[in-house]
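Every number in the numbering used here is 20 more than the matching position in the first sequence, counting from 1.
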Amino acid sequence: MRWSRALIPTLKEDPADAEVVSHRLMVRAGLLRPAARGVYTYLPLLLRSILKVSQIIREELDRMGAVELLPPILHPAELWKETGRWDLYGPLLMRVTDRHERGYALGPTHEEIVTDLIRREVRSYRQLPLSVYQIQTKFRDEIRPRFGVMRAREFLMKDAYSFDPDEVSMANTYQKFHDAYCAIFDRCGLAYRAVEAEAGEIGGTVNHEFMVLAGTGESAVLSCGACGYAAASERAESAPREHQLPDGHQPKPLEVVDTPGQTTVDEVAQLLGKPAEAFVKTLLFEADDNTVAVLVRGDREINEAKLGRLLAVERVEMATPERVVKVTGAEVGFAGPHTLPDGIRIIADYSLAGRGDLVAGANQTDRHVTGLEIGRDVEPHEWADVSVAIDGDPCPQCGQPLKETRGIEVGHIFQLGTKYSVAMGATFLDESGSPVPFEMGCYGLGVTRVIAAAIEQNHDDRGIIWPVAIAPYEVEVIPLNMDSEAVVKTAEQIYEACQAAHLETLLDDRPDRAGSKFADADLIGIPWRVVVGDRGVEEGVVEVASRREAEPVTVAPNEVANHLRERIEPARHGSD
RNA sequence: CGGGGAGUAGCUCAGCCCGGUAGAGCACUACGUUCGGGACGUAGGGGUCGCAGGUUCAAAUCCUGUCUCCCCGACCA
21 MRWSRALIPT LKEDPADAEV VSHRLMVRAG LLRPAARGVY TYLPLLLRSI LKVSQIIREE
81 LDRMGAVELL PPILHPAELW KETGRWDLYG PLLMRVTDRH ERGYALGPTH EEIVTDLIRR
141 EVRSYRQLPL SVYQIQTKFR DEIRPRFGVM RAREFLMKDA YSFDPDEVSM ANTYQKFHDA
201 YCAIFDRCGL AYRAVEAEAG EIGGTVNHEF MVLAGTGESA VLSCGACGYA AASERAESAP
261 REHQLPDGHQ PKPLEVVDTP GQTTVDEVAQ LLGKPAEAFV KTLLFEADDN TVAVLVRGDR
321 EINEAKLGRL LAVERVEMAT PERVVKVTGA EVGFAGPHTL PDGIRIIADY SLAGRGDLVA
381 GANQTDRHVT GLEIGRDVEP HEWADVSVAI DGDPCPQCGQ PLKETRGIEV GHIFQLGTKY
441 SVAMGATFLD ESGSPVPFEM GCYGLGVTRV IAAAIEQNHD DRGIIWPVAI APYEVEVIPL
501 NMDSEAVVKT AEQIYEACQA AHLETLLDDR PDRAGSKFAD ADLIGIPWRV VVGDRGVEEG
561 VVEVASRREA EPVTVAPNEV ANHLRERIEP ARHGSD
């Protein structure tokens, strides 16, 4: 392809609204242009990269026995009502209405549509296990789209759905997808790790997230250097701790202090001149018909999923303000653990273990208490791990401190069990002729996010450094002087030879000066560069250099294609 | 949804306080000089200053409303 015809609109300056490096570089390097908030046109360079990633996905999934199909984007509302997700998915679901006033969703994920297909078409255990996948645009009306394609409202995703006759078979299929994902991310040149994760709204029990390690990632991962435990922050657990006060701790008397209008930990902390760690945050939750008080250190957050598992309920919800007033006798913002009514179960998070002289709400409007001691002023019914884990918490497996790193979630795989098959009446007939619900799994992989993550991990201050396997082109030929007949002729010959050698080649045929061509070449980051200049052509050589290691070698023009093929072909299949 | 910021040329921005014929750099067109790491000169094209009202002899500038975009935060007591 000739640059002059390729629609590669590079920019000298950073776009004003792009914050993370992948977004900046995608716009500057002419890969991406916005159409609306969180909605983008993928320009030719980006599309080529997308097709490469898609091809890698197809090869790996086909190899493990999954089959590709293409369901609709437009989903009839009835299917989403069958699983209850028409309401549960909330505003994240894009909805449209047709001329007959029938409701549709623009697919954010395809459990319903695929399960509907399979329940109609698959009758017998003889047809199982079956795994289907698609690569298609997904729609999610995100609260806050940001970071370019990392969190867009319209994005490309590979999603797969597996149907197995029993749990053992399903776990086996799950492991195959797990391995295929590793192969895919390896081939895309990503440094990643699979971590235990929270299922969230999708449901099911066992699930893993694939995190590409990057400081700008939106997700936090907690991992243990000692035993290898790793989990997403929403999921990560921490080991139990004993409530043992430090030696020499002198308990103070419980005192009530006025804190008019100060309802948050930060406000009261500022007023009293104490750190947030010295606070007890007392949160009231409704679990089924019971009200539960959960105590957590002032600077920590409750993990509602953990709380739900502890209480063995499907969902916990914060108590309403009316309920808080009724239980504590005070306005919201002044709840404390020490004078709660008898019927309230009190759960203390391990983050409070070993802490004394605490500040808490007084259960009186506009008042807090200081000098609170757990064990003296309040006896929790239970100590538990119900807070969001943070850096330094003890590892649940070995007790060593967990370390927090950031990552980009590029894939998430789930063992769903029978949640959707039961909800939608999707069954097959087993050997005895009895209907049995399918054991399902689902497997997401963000195609555009993989590319953003690859750029986050592979760039320098001048631009992108594409891994060969997903680069839009493999070779860029740069004639430095378009007015020199000899240079142009040599460059054209090399361009032809590279194409004949099946190297994906871009020829920078623009009449620009050398400096700006070099700068653009660095920016768009094609892995191999062939520089054709007057000086070299006179001596019968051109320069070949990789984007990653800038040191060029001189090569005779008629040997360039072979020289490059030897280097590029081995790198195509996997990371460079 | 709450809080902050911004809408002026394709892009990055100045001008606004203090009202008086709309600017710079980059990009684009032409010509000339230049030509191995984002050249220079000359000439040129391009903007109803987000939109709608209002004040005024006069509004990018002051006032009101509205829309859009960006950032931070979202049942965390």
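Note that CB positions come from ideal geometry on N, CA and C, so glycine has one too. Quantities reported herein were computed from a predicted structural model and do not represent experimental measurements.
Paired residues, beta bridge with Ile484 - DSSP: Here residue 484 refers to the residue found at position 464 of the first sequence. Per DSSP, His479.
Separation of Arg44 from Asn227, as counted between CA atoms: For the purposes of this step, residue 227 is identified with residue 207 of the first sequence, where counting begins at 1. For the purposes of this step, residue 44 is identified with residue 24 of the first sequence, where counting begins at 1. In a straight line, the C-alpha of Asn227 is about 32 angstroms away from that of Arg44.
Neighbourhood of Val415 by C-beta distance below 8 angstroms, restricted to the same chain and skipping five residues each side: Here residue 415 is taken as the residue at index 395 of the first sequence, counted from 1. First, the amino acid is wrong: residue 415 is Cys here, not Val. Excluding sequence positions up to five before and after Cys415, its CB lies within less than 8 angstroms of the CB of Cys244, Ala246, Cys247, Tyr249, Ser258, Ala259, Pro421, Leu422, all in the same chain and listed in chain order.
Coarse secondary structure for His198, derived from DSSP in three states: The residue you call residue 198 lines up with position 178 of the first sequence. Correct three-state label for His198: helix.
Within 8 angstroms, strictly: CB atoms of Tyr145 and Glu451: Counting from one through the first sequence, the residue named residue 145 turns up at place 125. Counting from one through the first sequence, the residue named residue 451 turns up at place 431. Yes.
Nearest candidate by alpha-carbon position, reference Glu187, set Ile544, Pro165, Pro149: Residue 187 sits at position 167 when you count from the first residue of the first sequence. Of the listed residues, the one whose Cα sits closest to Glu187 is Pro149.
Beta-carbon proximity list for Lys326, same chain, < 6 angstroms, skipping 5 on both sides: Position 306 of the first sequence holds residue 326. Taken in chain order, the residues that qualify are Val406.
CA nearest to the CA of Glu533, picked from Ala521, Glu505, Val564, Leu500: As a first step, residue 533 is located in the first sequence; it is residue number 513 there, counting from the start. Correcting the residue identity first, residue 533 is Arg in this sequence and not Glu. Its Cα nearest to that of Arg533, the residue Leu500 stands out among Ala521, Glu505, Val564, Leu500.
Exposure label - Gly453; buried when at least 16 CB within 10 Å: On the first sequence, residue 453 is found 433 positions in, with the first residue counted as 1. Under this definition Gly453 is an exposed residue.
Whether Asp540 touches Val507 by CB criterion (8 angstroms): For this step, residue 540 is matched to residue 520 along the first sequence. For this step, residue 507 is matched to residue 487 along the first sequence. Cβ distance not < 8 angstroms, so Asp540 and Val507 don't count as in contact.
Span separating the alpha-carbon of Gln156 from that of Leu31: In the first sequence, counting from the first residue as 1, residue 156 sits at position 136. In the first sequence, counting from the first residue as 1, residue 31 sits at position 11. Computed Cα separation, rounded: 29 angstroms.
Same chain, Cβ closer than 8 angstroms to Arg530, neighbours up to 5 away in sequence not counted: Numbered from 1 along the first sequence, position 510 holds the residue referred to as residue 530. Spatial neighbours of Arg530 in its own chain (CB-CB distance under 8 angstroms, excluding positions within 5 residues in sequence) are listed in chain order as Trp23, Ser24, Met502, Lys537.
Beta-carbon proximity check, Leu17 vs Val300, cutoff 8 angstroms: Given that the chain is displayed from residue 21 to residue 596, the structure contains no residue 17 and the question cannot be resolved.
Distance between beta carbons of Leu523 and Val495, contact taken as under 8 angstroms: Locating residue 495 in the first sequence gives position 475, where the first residue counts as 1. Locating residue 523 in the first sequence gives position 503, where the first residue counts as 1. Right, their Cβ atoms sit about 5 angstroms apart.
Alpha carbon of Ser182 to alpha carbon of Gly461, nearest angstrom: Residue 182 sits at position 162 when you count from the first residue of the first sequence. Residue 461 sits at position 441 when you count from the first residue of the first sequence. In this model, Ser182 and Gly461 are separated by some 5 angstroms (Cα to Cα).
Rounded C-alpha distance that separates Tyr493 from Val41: Translated into positions along the first sequence, residue 493 becomes position 473. Translated into positions along the first sequence, residue 41 becomes position 21. In a straight line, the C-alpha of Tyr493 is about 21 angstroms away from that of Val41.
Closest by C-alpha distance to Gly223, when choosing among Gln477, Phe434, Val562, Val442: Translated into positions along the first sequence, residue 223 becomes position 203. Taking only the C-alpha atoms, the option nearest Gly223 is Phe434.
Close beta carbons around Glu393, own chain, < 6 angstroms, minus the five adjacent residues each side: Taking the first sequence and counting its residues from 1, the one referred to as residue 393 is at position 373. In chain order, Pro271, Gly376 place their CB closer than 6 angstroms to the CB of Glu393, counting only its own chain and leaving out the 5 sequence neighbours on each side.
Whole-Å CB distance - Pro91 paired with Val134, under 8 angstroms assumed: Position 71 of the first sequence, counted from the start, is the residue given in the question as residue 91. Position 114 of the first sequence, counted from the start, is the residue given in the question as residue 134. Contact holds; Cβ gap of about 6 angstroms.
Rounded Cβ spacing between Ile490 and Arg567 (contact assumed at less than 8 angstroms): Start at 1 with the first residue of the first sequence, and residue 490 comes out as number 470. Start at 1 with the first residue of the first sequence, and residue 567 comes out as number 547. Contact annotation, Ile490 with Arg567: C-beta distance approximately 13 angstroms; criterion of less than 8 angstroms not satisfied.
Option nearest Lys101 by Cα separation, candidates Thr117, Gly123, Val116, Glu80: One-based indexing of the first sequence puts residue 101 at position 81. Distances from the CA of Lys101 to each of Thr117, Gly123, Val116, Glu80 were compared; the closest alpha carbon is that of Gly123.
CB of Leu51 within 8 angstroms of CB of Leu71, strictly: Numbered from its first residue, the first sequence carries residue 51 at position 31. Numbered from its first residue, the first sequence carries residue 71 at position 51. For Leu51 and Leu71, no; Cβs fall outside 8 angstroms.
Inter-stretch contact at 8 angstroms, needing at least 3 Cβ pairs: the segment 437 to 448 / the segment 268 to 282: Three or more Cβ pairs closer than 8 angstroms define a contact, and the segment 437 to 448 falls short of that threshold against the segment 268 to 282.
Nearest neighbour of Pro577, chosen from Gln290, Glu512, Ile475 [CA to CA]: Position 557 of the first sequence, counting from 1, holds the residue named residue 577. With distances taken between Cα atoms, Pro577 lies closest to Glu512.
Where Asn501 sits in the DSSP three-state scheme: Counted from its first residue, the first sequence places residue 501 at position 481. In the structure shown, Asn501 sits in coil (DSSP, three-state: anything other than H, G, I, E or B).
Range of the contiguous alpha helix (DSSP H) that encloses Val597: Here the chain covers residues 21 to 596 and nothing more, so residue 597 does not appear.
Closest Cα partner of Val379 within the set Lys294, Ala234, Glu579, Met84: Counting from one through the first sequence, the residue named residue 379 turns up at place 359. Each of Lys294, Ala234, Glu579, Met84 was checked against the Cα of Val379, and the nearest Cα belongs to Lys294.
C-beta contact flag for Leu436 and Ala49 at 8 angstroms: On the first sequence, position 416 is the one that residue 436 refers to. On the first sequence, position 29 is the one that residue 49 refers to. Not closer than 8 angstroms, so no.
Close Cβ partners of Asp397 (< 7 angstroms) along its chain, the five nearest in sequence each way excluded: To locate residue 397, count along the first sequence from 1; it is residue 377. Counting only Cβ-Cβ distances below 7 angstroms, and skipping sequence neighbours, we find Leu274, His358.
Top-ranked residue by Cα proximity to Asp118, from Ile366, Arg140, His95, Ala368: In the first sequence, counting from the first residue as 1, residue 118 sits at position 98. Ranked by Cα distance from Asp118, the options Ile366, Arg140, His95, Ala368 are led by His95.
Contact under 8 angstroms by Cβ, Glu297 with Glu337: In the first sequence, the residue the question calls residue 297 occupies position 277. In the first sequence, the residue the question calls residue 337 occupies position 317. Contact flag unset, no.
Per-residue burial, Glu121 [other beta carbons within 10 Å of its own, 16 or more giving buried]: Counting from 1 along the first sequence, the entry for residue 121 is found at position 101. When all chains shown are included, Glu121 counts as exposed.
Alpha-carbon spacing of Glu342 relative to Gly209, whole angstroms: Along the first sequence, one-based indexing puts residue 342 at 322. Along the first sequence, one-based indexing puts residue 209 at 189. Taking C-alpha positions only, Glu342 is separated from Gly209 by approximately 54 angstroms.
At least three beta-carbon pairs within less than 8 angstroms, the segment 456 to 472 to the segment 550 to 565: By the criterion of at least three beta-carbon pairs nearer than 8 angstroms, the segment 456 to 472 is not in contact with the segment 550 to 565.
Rounded straight-line distance, which links the Cα of Gly353 to that of Thr284: On the first sequence, position 264 is the one that residue 284 refers to. On the first sequence, position 333 is the one that residue 353 refers to. Distance between the alpha carbons of Thr284 and Gly353 is about 6 angstroms.
Under 8 angstroms between C-beta atoms of Thr525 and Val562: Taking the first sequence and counting its residues from 1, one reaches residue 525 at position 505. Taking the first sequence and counting its residues from 1, one reaches residue 562 at position 542. No. Outside cutoff.
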